[in-house]
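> In my numbering, the protein residues as written are 1 to 545.
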């Protein structure tokens with residue numbers, strides 16, 4: 001499986017557990033057979049080769065070829081549904097792409113070239129890379145890797161009397177979300193070669209044929225791998241007087257290796273450069289936590305390394321001592337104790353402002369439209385609960401919508417729903433009819449359903465985190481009345497959090513916003529009055545009610 005040298009910088013104590021169940025999920029798409037824009041020759045072969053090697057490494061691979069807009073939407077929805085907090089998510093796309101006003105769009109094979117420009121049409125009929133990256137980030141994936149071999153000539157370039165749509169060549173720069181590593185097969189404004197010349201019989205493009213063997217190199221950390229790949233692609237393209245220098249955008253935290261599922265850690269996974277990366281990533285973590293325990297833990301671990309960050313950590317501790325009289329230290333030595341709950345909890349409801357009322361009215365209209373087209377959003381209460389979010393996902397899958405999961409509750413989502421036909425979700429929502437009963441057969445009463453799990457109450461937990469931190473805390477859940485729960489939490493580092501939780505079977509998904517500005521997604525697996533969990537934070541812990 002993949003190996004990280006250091007946890008993400010936002011590692012902090014929430015509801016936590018180990019990485020034992022973390023997995024790798026990949027979406028691989030290759031589009032050659034475009035119907036209305038120039039065809040490609042090697043995108044499908046590239047995608048098949050990548051899917052094969054990722055499958056051999058233990059990735060769960062969703063692979064599709066020559067994909068229409070509707071099928072591409074369904075592939076993306078399935079990919080997002082499979083990712084759980086702590087997983088690694090990988091996207092490989094080979095096909096046409098176009099840059100429009102700074103955004104990069106991935107094109108399905110049934111895209112058509114509109115008359116007179118039509119940039120808005122292209123946006124609606126294709127898939128924005130930033131929307132995909134944001135949707136993956138919301139799943140709580142620990143790391144996201146994206147490989148785009150889509151830097152070909154603009155399929156909507158000017159011809160005849162038509163005006164060009166988008167940038168003339170290749171893709172544009174991208175702002176990668178935190179925890180994401182994006183690689184383009186060519187630099188901004190460059191195009192990628194499919195072949196060296198007409199006699200080049202290799203089934204793969206220049207970029208992918210050089211990438212494939214490197215994915216088997218267990219001794220190469222991702223950044224070293226990409227550094228070598230860029231030089232090799234550039235040098236090979238130069239043999240044909242072509243400028244192609246792959247670009248990458250690195251917001252990944254810690255180190256990453258492509259290791260085989262059964263191989264364990266690579267033999268040389270910690271060279272000097274990797275050790276320095278780990279020290280500096282841990283220093284970033286310690287400063288983000290901003291507590292004495294974090295800084296002292298960093299110094300204890302790396303005090304003899306000679307790295308300059310150790311001196312910076314010592315100076316930060318000295319500054320903390322100087323400020324102690326002005327601001328008391330936030331670290332709580334004793335385990336955090338939850339507040340006493342009243343016998344009948346009645347959470348206070350603040351007076352909503354005009355903006356909040358407008359947002360709730362918009363959500364009510366959205367729920368009404370989802371119900372109209374058969375997507376089963378439940379009552380139109382203006383709250384985006386689990387049922388409403390599931391209904392929105394059903395609509396996106398059934399309609400092939402290009403809107404992101406996060407568009408729920410927006411004017412754009414409502415406008416699109418109002419234009420949808422009644423029964424859009426019928427095929428997905430329809431349940432199979434019960435089998436007919438044979439004459440004379442005895443009909444058994446269905447087994448009694450297991451009582452629904454109720455997570456309401458206060459759960460205590462402890463966790464072991466990076467930098468020698470052992471943290472304790474509590475999380476309290478109270479029902480909202482729509483099948484979801486309010487969540488509040490606190491920990492021994494002095495931070496507090498508020499958020500929400502949704503339940504599926506015995507699995508509770510918790511989203512918390514902590515007082516230090518960090519957001520966390522956790523998956524609690526509850527058994528009786530105990531639980532274990534997986535979290536985007538990455539600590540290992542357990543708890544009980």
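We put the CB at the ideal spot given by N, CA and C, even for glycine.
Between 192, 410, 67, which lies nearest to residue 33 when the distance is taken from Cα to Cα?
Closest option to residue 33, Cα to Cα, is 67.
> Taking Cβ positions, are residue 193 and residue 205 nearer each other than 8 Å?
Yes. Within cutoff.
> Reducing DSSP to helix, strand and coil, say where residue 479 ends up.
strand
> Determine the closest residue to residue 519 out of 72, 120, 178, with distance taken between C-alpha atoms.
178
> Secondary structure at residue 334, three-state DSSP: helix, strand or coil?
Here residue 334 scores only 42 on pLDDT, less than 50, and its place in the model should not be relied on; the value that follows carries that caveat. Note: residue 334 maps to coil in three-state DSSP.
> Using CA coordinates, which residue listed in 406, 489, 231, 523 is at the minimum distance from residue 504?
523
> Reducing DSSP to helix, strand and coil, say where residue 217 ends up.
coil
> On the criterion of 16 or more Cβ atoms from any shown chain inside 10 Å, does residue 533 qualify as buried, or is it exposed?
buried
> Since residue 85 and residue 471 should fall inside the 8 Å C-beta cutoff, what is the C-beta to C-beta distance between them, to a whole number of angstroms?
Actually they do not touch by this definition, with Cβ atoms about 18 Å apart.
> Is residue 57 buried or exposed, if buried means 16 or more other CB atoms sit within 10 Å of its CB?
buried
> Is the beta carbon of residue 88 closer than 8 Å to that of residue 51?
no
> My understanding is that residue 148 touches residue 109, with C-beta atoms under 8 Å, so please give their C-beta distance in whole angstroms.
Here residue 148 is actually not in contact with residue 109; their C-beta atoms are around 17 Å apart, not less than 8 Å.
> Thinking just about the alpha-carbon of each residue, which of 210, 362, 54, 541 is nearest to the one in residue 415?
362
> If we require 3 or more residues per run, which beta strand (DSSP E) segments fall completely within the segment 171-244?
Restricting attention to beta strand (DSSP E) runs no shorter than 3 residues, the segment 171-244 encloses them at 180-184, ordered along the chain.
> In terms of residues, what are the limits of the alpha helix (DSSP H) holding residue 415?
Here the alpha helix (DSSP H) through residue 415 covers 411-418.
> Contact check, residue 282 vs residue 298 under 8 Å by CB: the rounded distance?
6 Å
> Can you look up residue 531 in the DSSP assignment and give me helix, strand or coil?
strand
> Out of 255, 425, 75, which has the shortest C-alpha to C-alpha gap to residue 180?
255
> Relative to the alpha-carbon of residue 245, which residue among 259, 308, 252, 228 has its alpha-carbon at the smallest distance?
228
> Between the C-alpha atoms of residue 198 and residue 240, what's the straight-line distance to the nearest angstrom?
Using only the alpha carbons, I get a separation of about 12 Å.
> Give the DSSP bridge partners of residue 550, in chain order.
Outside the modelled stretch of the chain, which goes from 1 to 545, sits residue 550, for which no answer is possible.
> Is the beta carbon of residue 405 less than 8 Å from the beta carbon of residue 80?
yes
> My assumption, with CB atoms under 8 Å, is that residue 251 sits in contact with residue 176. Please give the rounded CB distance.
4 Å
> By the three-class DSSP mapping on this structure, what secondary structure does residue 562 have?
Residue 562 lies beyond the stretch modelled for the chain, which goes from 1 to 545, so this question has no answer here.
> Closest to residue 291 by C-alpha separation, out of 54, 316, 311, would be which residue?
316
> Taking the straight line between their C-alpha atoms, what separation do you get for residue 453 and residue 529?
In a straight line, the C-alpha of residue 453 is about 10 Å away from that of residue 529.
> As a quick exercise: from 409, 507, 419, 543, pick the residue whose alpha carbon is nearest that of residue 461.
Residue 543 is the option with its Cα nearest to residue 461.
> Between the Cα of residue 35 and the Cα atoms of 384, 113, 412, 373, which residue gives the shortest distance?
113
> Under the assumption that residue 44 contacts residue 65 (Cβ atoms under 8 Å), give the Cβ distance between them as a whole number of angstroms.
5 Å
> Let me make sure I understand the geometry here. Which of 304, 129, 422 has the alpha-carbon closest to that of residue 279?
304
> Quick check on this structure: which residue in 119, 54, 136 has the alpha carbon closest to the alpha carbon of residue 82?
Of 119, 54, 136, the residue nearest in Cα terms is 136.
> So, residue 78 versus residue 100, is the Cβ gap smaller than 8 Å?
Contact: no.
> Using 8 Å as the threshold, is the C-beta distance between residue 380 and residue 367 below it?
Inclusion of residue 380 and residue 367 in the CB contact set at 8 Å is warranted, their separation being smaller than that value.
> State buried or exposed for residue 221, treating a residue as buried only when at least 16 other CB atoms are found within 10 Å of its CB.
By the neighbour-count rule (16 or more Cβ atoms within 10 Å), residue 221 is buried.
> Residue 102: which of 49, 500, 188 sits nearest, CA to CA?
188
> Is residue 487 near residue 475, with beta carbons less than 8 Å apart?
yes
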